[in-house]
């Protein structure tokens, strides 16, 4: 959903039939069909087998829809930030912002994890008494 907002701000429309937009939409439809398939089969073993076969067959489309098609046709999207040599091609401030975001998210994760561990320990003590 946020991609549509950025598309409207950048290109003036929520949807542009850009190759990347279209291929990701197709992948979302394939994933939605997978979820629908899993929810319609009641027998657990049969559901697992059919869903696994569907997942394997649909995964074949991923390289084409993610890597091949978007590079074959002109796109409104910018080029990838990693060039062929593996070097970042972005504004110098962007890696700093990314690193800061990773650090902050890691700290939040650590705090939430420690709170969860404390709750589990507290609950264990209550159950032992």
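Residue numbers (full-length UniProt numbering): 1 to 129.
Think of the CB as a built atom: it goes at the ideal place given N, C-alpha and C, for glycine as much as any other residue.
These numbers come from a predicted model, not from an experiment.
Within the segment 16-99, not a single complete beta strand (DSSP E) segment reaches 3 residues in length. Residue 92 counts as exposed, since fewer than 16 other C-beta atoms from the protein chains shown sit within 10 angstroms of its C-beta. Less than 8 angstroms separates the beta-carbon of residue 75 from that of residue 20. Taking a contact to require three or more Cβ pairs closer than 8 angstroms, the segment 61-78 and the segment 37-49 do not qualify as touching. Exposure of residue 10 is indicated by the presence of fewer than 16 other C-beta atoms within 10 angstroms of its C-beta.
Under the criterion of beta carbons closer than 8 angstroms, residue 15 and residue 4 qualify as touching, at roughly 7 angstroms.
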